[in-house]
Amino acid sequence: MIEFKDGALYIGPLLAFTIGIVVLFIGKRINDSVGFLREFSIPEPVTGGLLFSLFTAMVYTFGDIAINFKLEARDFLLVYFFTTIGINASLKDLVAGGKPLIILLIITIVYMMMQNLLGISVAHLFDLPAAVGLLGGTVSLIGGHGTAIAWAPKISEQYDIANAMEVGLACATFGLILASLMGGPIAKFLIGRYKLTPEKKEALDVGVAQQSSEKPTITSMEFLDSILALHVCIIFGIILNEIIKKFGLDLPLFVTCLFAGILITNFIPRNFPRLTRKPWPSRSPTIALIADVSLGTFLAMSLMSMQLWTLIAMAGPIIAILTAQFLFAIAVNLFIVFPALGRTYDAAVVSAGFGGISMGSTPTAMANMSAVASRYGASHLAFIIVPLVCAFFIDLVNAVLIPYFLAHF
Numbered sequence: 022m023i024e025f026k027d028g029a030l031y032i033g034p035l036l037a038f039t040i041g042i043v044v045l046f047i048g049k050r051i052n053d054s055v056g057f058l059r060e061f062s063i064p065e066p067v068t069g070g071l072l073f074s075l076f077t078a079m080v081y082t083f084g085d086i087a088i089n090f091k092l093e094a095r096d097f098l099l100v101y102f103f104t105t106i107g108i109n110a111s112l113k114d115l116v117a118g119g120k121p122l123i124i125l126l127i128i129t130i131v132y133m134m135m136q137n138l139l140g141i142s143v144a145h146l147f148d149l150p151a152a153v154g155l156l157g158g159t160v161s162l163i164g165g166h167g168t169a170i171a172w173a174p175k176i177s178e179q180y181d182i183a184n185a186m187e188v189g190l191a192c193a194t195f196g197l198i199l200a201s202l203m204g205g206p207i208a209k210f211l212i213g214r215y216k217l218t219p220e221k222k223e224a225l226d227v228g229v230a231q232q233s234s235e236k237p238t239i240t241s242m243e244f245l246d247s248i249l250a251l252h253v254c255i256i257f258g259i260i261l262n263e264i265i266k267k268f269g270l271d272l273p274l275f276v277t278c279l280f281a282g283i284l285i286t287n288f289i290p291r292n293f294p295r296l297t298r299k300p301w302p303s304r305s306p307t308i309a310l311i312a313d314v315s316l317g318t319f320l321a322m323s324l325m326s327m328q329l330w331t332l333i334a335m336a337g338p339i340i341a342i343l344t345a346q347f348l349f350a351i352a353v354n355l356f357i358v359f360p361a362l363g364r365t366y367d368a369a370v371v372s373a374g375f376g377g378i379s380m381g382s383t384p385t386a387m388a389n390m391s392a393v394a395s396r397y398g399a400s401h402l403a404f405i406i407v408p409l410v411c412a413f414f415i416d417l418v419n420a421v422l423i424p425y426f427l428a429h430f
């Protein structure tokens, strides 16, 4: 489970998963004790994960020991989570989300172009190549760690930027932190200013409401039935992923599992006979519970494993780029995303999610929305359109934008 090699401590998957659970509990204890963290809907895994990453940074600084986690369990939790989102999706919501989905997609595409232009502009102020600005743009922010890792070697080789990987990962890491802290306060401000409430009281897509006096009762067979439904969707999603690969399109597994959940939920009749003799568990308390556990533990493991000491070398330019990007993201959220989506409660929850999209990752967007929804109420529309935009379309658009900007700037 633990291996010490060449001055570094390597923690195996089981222990990493266990620490992730502990970190999540620490975050909850802190949030329960610190009022403003609850008030601004800061996700519990963000609180615990950041605290633990600071601890590992101190271990490295004072003990010269780098702590590395093997995160196979974390990656499977991501698949679990997005499959629950697919199972909860209904065609009625997808149809209702058609216009908001298109609006959010258009805003996001334009925002991605502006994010790259802003990154390049700030990089020029430091007499740095445009490619460094792109590393502080959609390569690392909207693209996240995966895109930064994929593009950094090519940028390093073609544009003679030796530390491209470090810059990309640093921007992705700080962007993740800022995105995690942005969504809740934005939603609180909008909901308070415009006195917004959900149109009707409904069960949450993820977790249970903070103020709810009715705690759902879940039996072991109901829980196991939901696990079975998830595994059916995941198996179908794996098959779908392999088929898509044969056509030259490489999508993350969680995306095809999301689609598998949507397809199975909406195209199998409700009265279709099941071995368990139970209805399909769409929007059930068990699915909400599994979604909450999966997302919370995933994000806690992601943040606790950050190696903050790797971010020091390019501190000046990185801070400048990220400050500009952070302020720009807030402005776009308040003055474009929220009004364009109708200034409704759903629009406020989507804005919390857009905070995650703009500088973080898909799970960050979902965690932001989950924290807001658990405090103020459900928003099925937000939980449909945000993952479709940031889990599918963003990667396709980024695959075109990045080479274009590298070639022309």
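Heads up, the working numbering is the position in the sequence shown plus 21, with the first residue counted as 1.
C-beta: ideal position from N, C-alpha, C; glycine also.
For this session: From the DSSP output, read off the bridge partner residues of Y31.
Result: DSSP lists E24, N89 as the bridge partner or partners of Y31.
Exercise. Quick one, are the C-beta atoms of A386 and G398 less than 9 angstroms apart?
Worked result: no
Problem set entry | For T297, three-class secondary structure by DSSP | coil
For this session: Only counting runs of 3 or more residues, tell me where the beta strand (DSSP E) segments fall wholly within the region 33–67, in order along the chain.
Result: Annotation note: the region 33–67 contains no uninterrupted beta strand (DSSP E) run of length 3 or greater.
Exercise. Per the contact definition of three or more C-beta pairs closer than 8 angstroms, is the region 138–155 in contact with the region 316–327?
Worked result: Taking 8 angstroms as the limit for Cβ pairs, the verdict is that the region 138–155 does not touch the region 316–327.
For this session: Locate the alpha helix (DSSP H) running through R304, then write down its first and last residues.
Result: Unbroken run through R304: none, as it is neither H nor E.
Exercise. Does the distance from the C-beta atom of I406 to that of L125 stay below 9 angstroms?
Worked result: Yes. Within cutoff.
Problem set entry | The alpha helix (DSSP H) enclosing M327, as first and last residue numbers | No alpha helix (DSSP H) holds M327; DSSP gives it neither H nor E.
Exercise. Assuming L409 contacts S74 under a Cβ cut-off of 8 angstroms, what Cβ separation, rounded to an integer in Å, is found between them?
Worked result: In fact, because the Cβ distance is near 30 angstroms, the residues do not count as touching under 8 angstroms.
Problem set entry | Residues near T344 in its chain [Cβ-Cβ closer than 7 angstroms; skip 5 each side] | Contacts found: none.
Problem set entry | Separation of M390 from I163, as counted between CA atoms | 17 angstroms
For this session: Measure the C-alpha to C-alpha separation of R59 and G204 and round it to an integer number of angstroms.
Result: 13 angstroms
For this session: Taking only runs that begin and end inside the region 348–424, name each unbroken alpha helix (DSSP H) of 4 or more residues, in chain order.
Result: 366–380, 383–397, 401–409
For this session: Quick one: grab the DSSP three-state call for I182.
Result: Correct three-state label for I182: coil.
Exercise. How do the region 26–36 and the region 161–181 stand: do at least 3 beta-carbon pairs fall below 8 angstroms, yes or no?
Worked result: no
Exercise. Between T365, N52, M380, which lies nearest to L402 when the distance is taken from Cα to Cα?
Worked result: T365
Problem set entry | Given R214 as reference, the closest of P121, A369, F275 once Cα atoms are compared | Looking at the Cα atoms, A369 is the closest of the given residues.
For this session: Along the alpha helix (DSSP H) that carries L249, what are the first and last residues, could you check?
Result: 241–267
Exercise. If you compare alpha carbons, which of F103, V44, A169, P150 is closest to M380?
Worked result: Among F103, V44, A169, P150, the Cα nearest to that of M380 is on A169.
Exercise. Can you round the beta-carbon distance between S443 and L197 to whole angstroms, since I take them to be within the 8 angstroms contact cut?
Worked result: In the structure as shown, the chain begins at 22 and stops at 430. Residue 443 is therefore absent and cannot be evaluated.
Exercise. Do you know offhand how far N262's Cα is from V276's?
Worked result: 9 angstroms
Exercise. What runs of the alpha helix (DSSP H), each 4 residues or longer, lie entirely inside the region 125–177?
Worked result: 151–156
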